[in-house]
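Q: So the sequence lines, in the order shown, correspond to chains A and B.
Heads up: take any position in the first sequence, counting from 1, add 964, and you land on my numbering.
Heads up: take any position in the second sequence, counting from 1, add 964, and you land on my numbering.
Even glycine gets a Cβ: it sits at the ideal position worked out from N, Cα and C.
Only a predicted model underlies this, so the values are computations on that prediction, with no experimental measurement involved.
Sharing a structure with you now.
Protein chains: 2
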Amino acid sequence: MKNDNEKLKNIFIKKLETIVKKNQSLLCVGLDSDIDKIPKKFTDQFEFNKVIIDATHDLVCSYKLNTAFYEAIGYKGIFSLKKTCDYLRKKYPEIPIIIDAKRADIGNTNLGYVRLIFEYLNADAVTVNPYLGEEALTPFLAQKDKGVIILCKTSNPGAGEFQDLVLSSKYQVVSIKGGIKLYQYVAYQVAKKWNKNKNCLLVVGATYPSELKEVRKIVGDDFWILVPGVGAQGGDLQETLKAGLNSKKQGLIINLSRAVIFSKNPREETKKWRREIEKVLSRK
Amino acid sequence: MKNDNEKLKNIFIKKLETIVKKNQSLLCVGLDSDIDKIPKKFTDQFEFNKVIIDATHDLVCSYKLNTAFYEAIGYKGIFSLKKTCDYLRKKYPEIPIIIDAKRADIGNTNLGYVRLIFEYLNADAVTVNPYLGEEALTPFLAQKDKGVIILCKTSNPGAGEFQDLVLSSKYQVVSIKGGIKLYQYVAYQVAKKWNKNKNCLLVVGATYPSELKEVRKIVGDDFWILVPGVGAQGGDLQETLKAGLNSKKQGLIINLSRAVIFSKNPREETKKWRREIEKVLSRK
């Protein structure tokens, strides 16, 4: 039975769970390699990323590349992004690559982004925005072997403007005091309806631990959540883990970007955060 | 008084209104130059775009470039996108360039996209996704001279999954039978709160004329709405104009992409659509 479940598992999730075990890590390093912040000795963003990757590859469960930092400088940035993905594929093929693109367009237009992310960059997962609905995102959701990570409750201070809107009581698909909020409804739709290929994950910011707890309740135990916002954005690691871990002490990808890549010693910084996570896991 | 109003106007809006008048056109041509669909004689997407632009420049009020069709092929696509924008800037500087990027990330990460769109591509306006809220989109909204076009009701068949959700009655900021829907609340927030720099527009699909009418009511007369979905997607031109035009018979940017650029004669096709619009305008 367990073997059957394993067979049915999405390839990205399998890859993720394998590396989590091997590297004993729930940490994702976000290669937010802002061209204005990387040391001048590096000729391009790829050269900087290479150093970070070589220093941290045995300590992480994934790398996340946010397209904004690469597209900022036009086609040269896209080229650095590609070189980074190619390098990861070749040198560390066991580590999943997440492209943090937060894309969403109508139907077939999304095929352009699918090609960018899964053909050109050959990545394992992508972040997408839910506003246009499941039907629009079909080209992403149809990627059976990939991960599709849908924004639910984002880490920014003003995330609640729409995400926290309480819906009319007719949408009360789960019992929640005070009425169901938009982000909770998104979590429900994704977990219960969009996830036909078992390739969906969600994004919930570490800056909102009680919302993370609500989302975990809605999506159930067997679901991965990408959590940005620990570190530079001020999300509390311990509260995040307490709120979001599943019964196997897994189910969370904890992303750290600036706090690691622009630290004096990225390897030591990554180790430090991994240790912090281990402490909580052994306690829980 | 009228001159004062003109002075206060956002540069993108001024540019748009000037070309609308000069070219007598509310038509925007969407350069959705899918690499698999453009005739093989063209060496890149830019060469194709150039032909379309030269054939239609005196008939349109803007060009819209959707990043998905360019990013599909990686850095070469971004290069074609840039060459197209550079060509427009140089040869037809009076025509506004809209980058249909539908981006949204948290706070400063958006600066990367701002650089891509307003520095690297030197465009006039961008489409963005509202899900993360005004605070996250500040780097876009702070561009006083540019246009920020926020997705409201998108043209895809499944747009309603979240956009049509009825909100709790406590958000009933405008009187709407059956309760206010998310897309209406987005329209309200954008028009009444986000628009401090008078640089906001909205996207409403031509496939939803009654929703367009609702949005026009909410945002008022002096507001531009970008309307995709006429043509290949099946939105009815006459109904769209009836539902969305303001009292000056303006306020709508009618986008046509595939129906024009992949037609046998793009110039004649654009003329035909412009004539169709004129017919309705002279009747109304």
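(1) Pull up the distance between the alpha-carbon of B/Ile983 and that of A/Leu1075, whole angstroms please.
(2) Expressed to the nearest angstrom, what Euclidean distance is found between the alpha-carbon atoms of A/Met965 and A/Lys1108?
(3) Going by the beta-carbon positions, is the gap between A/Val1092 and A/Phe1104 smaller than 7 Å?
(4) For the alpha helix (DSSP H) containing B/Cys1049, name the first residue and the last one.
(5) May I ask which residues mark the beginning and end of the alpha helix (DSSP H) holding B/Ser1246?
(6) So with CB distances below 7 Å, who are the chain B contacts of A/Asn1093?
(7) Within the same chain, show all residues whose beta-carbon is closer than 8 Å to that of B/Gly1071, passing over the 5 residues directly before and after it, in chain order.
(8) Return the CA-CA distance between A/Thr1048 and A/Gly1041, expressed in angstroms with no decimal places.
(9) Using a Cβ cut-off of 7 Å (strictly closer), state whether A/Phe1033 contacts chain B.
(10) To the nearest angstrom, report how far apart B/Glu1232 and A/Pro1060 are at their CA atoms.
(11) According to DSSP, which residues form a beta bridge with A/Arg1079?
(12) Does A/Thr1234 pass the burial test, meaning 16 or more other C-beta atoms within 10 Å, or should it be called exposed?
(13) Do the segment 1189 to 1205 of chain A and the segment 1007 to 1021 of chain A touch if we need at least three Cβ pairs shorter than 8 Å?
(14) Counting only beta-carbon atoms, is A/Val1230 nearer than 7 Å to chain B?
(15) My output table needs one value for B/Thr1171: the three-state DSSP class, helix, strand or coil.
(16) Quick one, are the C-beta atoms of B/Val1112 and B/Ile1182 less than 7 Å apart?
(17) At 9 Å on the CB atoms, spell out the chain A contacts of B/Ala1036, in chain order.
(18) By Cβ distance, which residues of its chain are closer than 6 Å to A/Lys1145, with the 5 residues on each side in sequence left out?
(19) Do we get a CB-CB distance below 7 Å when we pair A/Pro1121 with the residues of chain B?
(20) By the criterion of Cβ-Cβ separation under 9 Å, what are the contact partners of A/Ser997 in chain B?
(21) Can you name the residues that DSSP bridges to A/Arg1067?
(22) May I ask you to list the residues that DSSP assigns as paired with B/Gly1199?
(23) Going by the CB atoms, is the gap between A/Ile999 and A/Ile975 shorter than 7 Å?
(24) Just the Cα atoms here: how many angstroms apart are A/Val1024 and A/Leu991?
(25) Exposed or buried, A/Glu1125, counting other C-beta atoms within 10 Å across all chains shown (16 or more means buried)?
(26) Skipping 5 residues on each side, what residues in its chain have a beta carbon closer than 6 Å to that of A/Ile1225?
A: Considering the structure as presented:
(1) Going from the Cα of B/Ile983 to the Cα of A/Leu1075 covers about 33 Å.
(2) Because A/Met965 carries a pLDDT of 47, less than 50, the predicted location of this residue cannot be relied on, and no value is offered for it.
(3) Cβ distance < 7 Å, so A/Val1092 and A/Phe1104 count as in contact.
(4) B/Cys1049 -> alpha helix (DSSP H) spans Tyr1039 to Lys1055.
(5) Under the DSSP assignment, B/Ser1246 falls in the alpha helix (DSSP H) whose first and last residues are Pro1230 to Arg1247.
(6) Listed along the chain, the chain B residues whose CB falls inside 7 Å of the CB of A/Asn1093 are Ala1068, Asn1093 and Tyr1095.
(7) Annotation for B/Gly1071: Glu1099, Ala1100, Thr1102 and Pro1103 place their beta carbon closer than 8 Å to its own, counting only its chain and skipping 5 residues before and after.
(8) The straight-line gap from Cα to Cα measures roughly 11 Å.
(9) Taking Cβ atoms only, chain B reaches closer than 7 Å to A/Phe1033, which makes this a yes.
(10) Near 50 Å, if we compare the C-alpha coordinates of A/Pro1060 and B/Glu1232.
(11) In the DSSP assignment, A/Arg1079 is bridged to no other residue.
(12) By the 10 Å Cβ count, A/Thr1234 comes out buried.
(13) Per the Cβ contact rule, the segment 1189 to 1205 of chain A is not in contact with the segment 1007 to 1021 of chain A (fewer than 3 Cβ pairs under 8 Å).
(14) According to the sequence provided, residue 1230 of chain A is Pro. The question's Val does not apply to it. Contact with chain B is absent for A/Pro1230, since none of that chain's Cβ atoms lies less than 7 Å from the residue's Cβ.
(15) In the three-state reduction of the DSSP assignment, B/Thr1171 falls in the coil class, being assigned neither a helical nor a strand state.
(16) The answer is no: Cβ separation not under 7 Å.
(17) Chain A residues near B/Ala1036: Leu1075, Gly1076, Tyr1077, Val1078, Arg1079, Leu1080, Glu1083 and Tyr1084.
(18) Excluding positions up to five away in sequence, the list reads Asp1128 and Val1130.
(19) When Cβ-Cβ separations below 7 Å define contact, A/Pro1121 makes contact with chain B.
(20) Chain B residues near A/Ser997: none, gap ~11 Å exceeds 9 Å.
(21) Within the DSSP bridge table, the entry for A/Arg1067 names A/Val1092 as partners.
(22) DSSP, once it has assigned bridges, lists B/Val1194 as partnering B/Gly1199.
(23) No, the Cβ-Cβ distance between A/Ile975 and A/Ile999 is not below 7 Å.
(24) Distance from the CA of A/Val1024 to the CA of A/Leu991, rounded to the nearest whole angstrom, comes to 5 Å.
(25) A/Glu1125 should be labelled buried.
(26) If the five residues before and after A/Ile1225 are omitted, its C-beta is found closer than 6 Å to the C-beta atoms of Ile1016, all from its own chain and listed in chain order.
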